[in-house]
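Down below is the structure, laid out as structure tokens.
Number of protein chains: 2
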Amino acid sequence: MSASTVPAPRPPLRVALAGIGVVGGGVVRLLEANRDLIARRAGRPVEIVAISARDRHRDRGIDLARYRWEDDMGALVAADDVDVVVEMIGGADGAALTLARQTLGAGKALVTANKAMIAHHGLDLARLAEEKDTPLKYEAAVAGGIPVIKAIREGASANEIARVYGILNGTCNYILTQMERNGASFAEALAAAQAEGYAEADPTFDVDGIDAAHKLSILAALCFGTKLDIDAVTADGIRNLTAADIREAEALGHRVRLIGMAERDSGENGGGLYQHVQPCLVPSDHPLAYVPGALNAVVAEGNFVGRLFFEGAGAGAGPTASAIVADIIDIARDEYGPAFAMPVDSLDQAPAADAGARIGKHYVRLIVEDRIGVLAEIAAAMRDAGVSIESLIQRGGDDEDSVIIVLVTHEGPANAIHAALGILAASDHVVGTPMHMPILAL
Amino acid sequence: MSASTVPAPRPPLRVALAGIGVVGGGVVRLLEANRDLIARRAGRPVEIVAISARDRHRDRGIDLARYRWEDDMGALVAADDVDVVVEMIGGADGAALTLARQTLGAGKALVTANKAMIAHHGLDLARLAEEKDTPLKYEAAVAGGIPVIKAIREGASANEIARVYGILNGTCNYILTQMERNGASFAEALAAAQAEGYAEADPTFDVDGIDAAHKLSILAALCFGTKLDIDAVTADGIRNLTAADIREAEALGHRVRLIGMAERDSGENGGGLYQHVQPCLVPSDHPLAYVPGALNAVVAEGNFVGRLFFEGAGAGAGPTASAIVADIIDIARDEYGPAFAMPVDSLDQAPAADAGARIGKHYVRLIVEDRIGVLAEIAAAMRDAGVSIESLIQRGGDDEDSVIIVLVTHEGPANAIHAALGILAASDHVVGTPMHMPILAL
Numbered sequence: 001m002s003a004s005t006v007p008a009p010r011p012p013l014r015v016a017l018a019g020i021g022v023v024g025g026g027v028v029r030l031l032e033a034n035r036d037l038i039a040r041r042a043g044r045p046v047e048i049v050a051i052s053a054r055d056r057h058r059d060r061g062i063d064l065a066r067y068r069w070e071d072d073m074g075a076l077v078a079a080d081d082v083d084v085v086v087e088m089i090g091g092a093d094g095a096a097l098t099l100a101r102q103t104l105g106a107g108k109a110l111v112t113a114n115k116a117m118i119a120h121h122g123l124d125l126a127r128l129a130e131e132k133d134t135p136l137k138y139e140a141a142v143a144g145g146i147p148v149i150k151a152i153r154e155g156a157s158a159n160e161i162a163r164v165y166g167i168l169n170g171t172c173n174y175i176l177t178q179m180e181r182n183g184a185s186f187a188e189a190l191a192a193a194q195a196e197g198y199a200e201a202d203p204t205f206d207v208d209g210i211d212a213a214h215k216l217s218i219l220a221a222l223c224f225g226t227k228l229d230i231d232a233v234t235a236d237g238i239r240n241l242t243a244a245d246i247r248e249a250e251a252l253g254h255r256v257r258l259i260g261m262a263e264r265d266s267g268e269n270g271g272g273l274y275q276h277v278q279p280c281l282v283p284s285d286h287p288l289a290y291v292p293g294a295l296n297a298v299v300a301e302g303n304f305v306g307r308l309f310f311e312g313a314g315a316g317a318g319p320t321a322s323a324i325v326a327d328i329i330d331i332a333r334d335e336y337g338p339a340f341a342m343p344v345d346s347l348d349q350a351p352a353a354d355a356g357a358r359i360g361k362h363y364v365r366l367i368v369e370d371r372i373g374v375l376a377e378i379a380a381a382m383r384d385a386g387v388s389i390e391s392l393i394q395r396g397g398d399d400e401d402s403v404i405i406v407l408v409t410h411e412g413p414a415n416a417i418h419a420a421l422g423i424l425a426a427s428d429h430v431v432g433t434p435m436h437m438p439i440l441a442l
Numbered sequence: 001m002s003a004s005t006v007p008a009p010r011p012p013l014r015v016a017l018a019g020i021g022v023v024g025g026g027v028v029r030l031l032e033a034n035r036d037l038i039a040r041r042a043g044r045p046v047e048i049v050a051i052s053a054r055d056r057h058r059d060r061g062i063d064l065a066r067y068r069w070e071d072d073m074g075a076l077v078a079a080d081d082v083d084v085v086v087e088m089i090g091g092a093d094g095a096a097l098t099l100a101r102q103t104l105g106a107g108k109a110l111v112t113a114n115k116a117m118i119a120h121h122g123l124d125l126a127r128l129a130e131e132k133d134t135p136l137k138y139e140a141a142v143a144g145g146i147p148v149i150k151a152i153r154e155g156a157s158a159n160e161i162a163r164v165y166g167i168l169n170g171t172c173n174y175i176l177t178q179m180e181r182n183g184a185s186f187a188e189a190l191a192a193a194q195a196e197g198y199a200e201a202d203p204t205f206d207v208d209g210i211d212a213a214h215k216l217s218i219l220a221a222l223c224f225g226t227k228l229d230i231d232a233v234t235a236d237g238i239r240n241l242t243a244a245d246i247r248e249a250e251a252l253g254h255r256v257r258l259i260g261m262a263e264r265d266s267g268e269n270g271g272g273l274y275q276h277v278q279p280c281l282v283p284s285d286h287p288l289a290y291v292p293g294a295l296n297a298v299v300a301e302g303n304f305v306g307r308l309f310f311e312g313a314g315a316g317a318g319p320t321a322s323a324i325v326a327d328i329i330d331i332a333r334d335e336y337g338p339a340f341a342m343p344v345d346s347l348d349q350a351p352a353a354d355a356g357a358r359i360g361k362h363y364v365r366l367i368v369e370d371r372i373g374v375l376a377e378i379a380a381a382m383r384d385a386g387v388s389i390e391s392l393i394q395r396g397g398d399d400e401d402s403v404i405i406v407l408v409t410h411e412g413p414a415n416a417i418h419a420a421l422g423i424l425a426a427s428d429h430v431v432g433t434p435m436h437m438p439i440l441a442l
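Quick mapping for you: the protein sequence lines, in order, are chains U and F. Counting from 1, one number per residue, gives the positions in the first sequence under UniProt numbering. Counting from 1, one number per residue, gives the positions in the second sequence under UniProt numbering.
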């Protein structure tokens, strides 16, 4: 080719970073380490021009002296030489939200890893981005380094998605894998996760399914073209799981995983949207059963493509930085569009489907006193609540006086299980809290 | 928002389809079935305006009467009302290549599922697309419905990729899975695959690894920013695998998969690019070991994101159409860039690395006569070739007079294995062709 066909080089994309913790440090390292490669792929250099965080003098193990420091985050937005602000402050509201609004309001591009903020304020932010015709990108908010936002927003864009589900919280998956391998209790596995840095001192956000709920609400909006509705997501965590549940699941050819699932109701119950985070039994011939440790994985089922499965690191400095910088490169390439694939005003408002009406097989585990008549009492409660039993196993419990009863039901609504357990709650012979989990249908 | 901020609706994107076989039929069905959804996601309607194929009157099970028919494919390019030509003719050269050149030469967008054409002529076509500033998209050419081109080109774009590898041919994976489950021979499993429609009457392209080689060369160019070089890809197929190999691999805790792998040489051997398709032993704790039937899966290892794993349908009308229409939607959104992520002239020219110098553990299987001294002969050949043996198993063979010997080597170059087998080729006691496969390192 002649030299005359080479286009003029594009000016650098100038990036400001807000919040330099583990992830922010990862972004600095990545942009430095892969600088030349990124310039080639983005078609222009990507340069950090300014940084802001709470504490300038904290030792972060990286040299930030070469970058301009701003004590006031607002100065990143006001600066003439900033094209993109990367928000890594965290929290649904407060400083993160203020910065996000200022950035988009000023017509600058916003990249964020903040799942809580997107789950709660994503629609408002997307609307603001549209008004100002500026990018809002959040690949790192769901499943860390896995490019699942892009895979669904663009890769699967030709498909009507029937359901989207997956392992959206690495902390819980690490705990479940520990319980599986060592026969550990939940408390022991949690302590191990905390020791390894996979769980926080206060693990509520992770183990109660709140973090997964944030991510699920974002996936649902993208998959179904609906308005983000975090309040419609119900979440049950993994605190009530026992070592016996993990063992019994295994005996049934399954593994327990905390699954966030969003699905269009079949229509009989009003055609709403089901969004639930809960522990499930995953059949051993499903790829989610093999997702180990702190990994994340997402499944999307499209009406033409069939089942797509994506797996990778769901957290950590490197993977999260990878997703953030991928967003920055998209912006550098001018390859972006509406944050939720279509303008906010054209997203549907889907009613929440009744999770209790959802049909499926269930696992139920009870610990009961070892005495005559208890099994009859359970069988009667199931019958009276309309639960049809496919199989039942009784085993010796952890002490002499109790036995474990595990049932697998035929297909039926979750509400019937709740009703049966409501009847049994009045029994003097049931010990502790029963556990019930849906069995994932292939 | 006030009505005044709503942008004017964009005009439809007008698509012409060339070649209406299984895949073309899938594209017509998809664009019809998901019409409204696609218009919402693309920001504009996508309309088929013209169709061309060899035989107008063949029964394809779909009504094509509503679309303009052109006997001459060139008329699709010449038509004023065509924005995008979708090439589904197939073949590296001939009519497909002529149409591709005409389309890009006319400044129109080209979408293709043609892996052979991209592998052989992708660079020339990409250069033509750049000159004319028009899109060239080929998501369907690699791994069918899995959006792996997008995941690597964009999702993992922040990373230096250390290696990319995967199951790129569903026919071979179907055959290997059959052999695994039923203890079938290669010939029996191939016949089953042909009966199920997973293999062609002449299976050469699939079972000899040629199809996988085409796809691998495309992935390598994208991952490493190098010029496509199909001639540098070496391919060994699965014809020589026996039921015993599958069984022995299983006994070693592995499964046999046909793996296409591209990797940067460590530098000691010149820093070239290794591109090889061959059967490998995959450890049972690697996700590729669980990819069943005709599915495809791709792994990319990035220096920040770590290991990404993508699985889905690698062929078939629906999945291939999904990938083709995703490309069309990207074009409708104006979200596209250089075909290989950067301009052709800035791609590196990487020398081919010497596959034989590659270090790894190997599986070697020999069938030998059951007599004194044979084992000593094998051990001597390995020693003389510098192959260090980690483990060795001898079992009774399929008949009374022979035994199977399976060795696993310590890490060493493939060349040493070739040398040892070269020495043993002269032996009167080795029966049939020995098999050797690398063991995939995690």
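Just so it is clear, CB atoms sit at the ideal spot from N, CA and C, and this is done for glycine as well.
> At least one CB of chain U closer than 8 Å to the CB of MET1/F: is that the case?
Replying inline: Residue placement at MET1/F is poorly supported in this model, since its pLDDT is 39, which falls under 50; the coordinates are not used for a value here.
>> When you compare the CB of SER322/F with every CB in chain U, is at least one pair closer than 8 Å?
In response: SER322/F counts as touching chain U.
> If we count Cβ pairs, one from each stretch, closer than 8 Å, do we get three or more for the segment 166-185 of chain F versus the segment 314-331 of chain U?
Replying inline: No: fewer than three Cβ pairs fall under 8 Å.
> At a Cβ threshold of 8 Å, is LEU273/F touching chain U?
Replying inline: Taking a beta-carbon distance threshold of 8 Å, LEU273/F does not count as an interface residue toward chain U.
> Taking buried to mean at least 16 other C-beta atoms within 10 Å of its own C-beta, is ASN296/U buried or exposed?
Replying inline: By the Cβ neighbour-count rule, ASN296/U is buried, with 16 or more other Cβ atoms within 10 Å of its own.
> Can you name the residues of chain F whose CB is closer than 7 Å to the CB of ALA341/U?
Replying inline: Near ALA341/U (Cβ distances below 7 Å), the residues of chain F are ARG41.
>> Given this structure, state the Cα-to-Cα distance separating ASP208/U from ALA323/U, to the nearest angstrom.
In response: As the crow flies, the alpha-carbon of ASP208/U is around 25 Å from that of ALA323/U.
>> For ILE238/U, which residues in the same chain have their Cβ closer than 6 Å to its Cβ, ignoring the five residues on either side in sequence?
In response: If we look at ILE238/U and ignore the five residues flanking it on each side, its Cβ neighbours are CYS172, VAL207, LEU258, PRO279.
> Where does GLY293/U fall in DSSP's three states?
Replying inline: In the structure shown, GLY293/U sits in coil (DSSP, three-state: anything other than H, G, I, E or B).
> Going by other Cβ atoms of all chains shown within 10 Å of its Cβ, with 16 needed for buried, is GLY122/F buried or exposed?
Replying inline: Burial call: buried.
> Quick one: what's got a C-beta closer than 6 Å to MET437/U's C-beta in the same chain, skipping five residues either side?
Replying inline: Cβ neighbours of MET437/U within its own chain (closer than 6 Å, five residues either side excluded): PRO279, CYS280, LEU281, TYR363.
> Mind pulling the chain F residues with CB within less than 9 Å of ASN296/U?
Replying inline: Within chain F, no residue has its beta carbon less than 9 Å from that of ASN296/U; the closest one is some 11 Å off.
> To the nearest angstrom, how far is it from the Cα of ARG10/F to the Cα of ALA289/F?
Replying inline: Roughly 46 Å between the two C-alpha positions.
> How big is the Cα-Cα spacing for PRO283/F and VAL299/F?
Replying inline: Taking the straight line joining both Cα atoms gives about 14 Å.
> GLY91/F versus chain U: which residues are under 7 Å apart at the beta carbon?
Replying inline: Those within 7 Å of GLY91/F in chain U number zero; the least Cβ separation is about 25 Å.
> For ASP330/U, which residues in chain F fall below 9 Å Cβ to Cβ?
Replying inline: The contacting residues are GLU154, SER157, GLU335.
> Pick from ALA313/F, GLU200/F, GLN102/F, ALA33/F: whose alpha carbon is nearest that of VAL291/F?
Replying inline: In terms of CA proximity to VAL291/F, ALA313/F leads the group ALA313/F, GLU200/F, GLN102/F, ALA33/F.
> Should SER52/U be labelled buried (16 or more other beta-carbon atoms within 10 Å of its own) or exposed?
Replying inline: Around the beta-carbon of SER52/U, 16 or more other beta-carbon atoms lie within 10 Å, marking it buried.
> Among PHE186/U, VAL23/U, PRO12/U, LEU407/U, which residue has its Cα nearest to the Cα of ARG35/U?
Replying inline: Cα-wise, what sits closest to ARG35/U is PRO12/U.
>> Counting only beta-carbon separations shorter than 8 Å, does GLY302/U have a partner in chain F?
In response: In terms of beta-carbon proximity, GLY302/U lines the interface with chain F, with at least one pair separated by less than 8 Å.
> What do you get for HIS214/U, buried or exposed, if any count of 16 or more other CB atoms within 10 angstroms of its CB means buried?
Replying inline: Buried: at least 16 other Cβ atoms inside 10 Å.
> Cα-Cα, which of LEU17/U, VAL22/U, ALA18/U, ARG14/U is closest to GLY318/U?
Replying inline: Distances from the CA of GLY318/U to each of LEU17/U, VAL22/U, ALA18/U, ARG14/U were compared; the closest alpha carbon is that of VAL22/U.
> Any Cβ of chain F within less than 8 Å of the Cβ of PRO319/U?
Replying inline: Taking Cβ atoms only, chain F reaches closer than 8 Å to PRO319/U, which makes this a yes.
> Relative to the alpha-carbon of VAL408/F, which residue among LEU440/F, VAL431/F, PRO287/F has its alpha-carbon at the smallest distance?
Replying inline: Ranking LEU440/F, VAL431/F, PRO287/F by CA distance to the CA of VAL408/F puts LEU440/F first.
> Nearest CA to the CA of ILE417/U: which residue from GLY360/U, PRO147/U, ALA321/U, ALA191/U?
Replying inline: When each option's Cα is compared against that of ILE417/U, the closest is GLY360/U.
>> Per the DSSP calculation, THR226/F is bridged to which residue(s)?
In response: Answer is ASP348/F, bridged to THR226/F.
>> Which of the three DSSP states is assigned to GLU411/U in this structure?
In response: Three-state result, GLU411/U: coil.
>> My assumption, with CB atoms under 8 Å, is that ALA95/F sits in contact with ASN114/F. Please give the rounded CB distance.
In response: A Cβ-Cβ separation of about 11 Å leaves ALA95/F out of contact with ASN114/F under the 8 Å criterion.
>> Quick check on PHE186/F: does DSSP put it in helix, strand or coil?
In response: DSSP, read as helix, strand or coil, puts PHE186/F in helix.
> For MET382/F, does the three-state DSSP call read helix, strand or coil?
Replying inline: Helix at MET382/F.
>> Counting only C-beta atoms, is TYR165/F closer than 8 Å to chain U at any point?
In response: So, not an interface residue.
> Are the C-beta of TYR174/U and some C-beta of chain F separated by less than 8 Å?
Replying inline: Chain F contact via Cβ: absent.
>> Measuring only the C-alpha atoms, how far is ALA402/F from ARG40/U?
In response: According to the sequence as given, residue 402/F is Ser; it is not Ala. In this structure, the alpha-carbon of SER402/F lies about 58 Å from that of ARG40/U.
> Could one say the Cβ of PRO147/U lies closer than 8 Å to chain F's Cβ atoms, at least one of them?
Replying inline: For PRO147/U, the answer is yes, since a Cβ of chain F falls inside 8 Å of its Cβ.
> Is it right to say GLU32/F is buried, meaning 16 or more other beta carbons lie within 10 angstroms of its own, or is it exposed?
Replying inline: It counts as exposed.
>> Between ILE20/U and ARG60/U, how many whole angstroms is the CB-CB distance? I'm expecting something under 8 Å.
In response: Yes, ILE20/U and ARG60/U are in contact; Cβ-Cβ is about 6 Å, under 8 Å.
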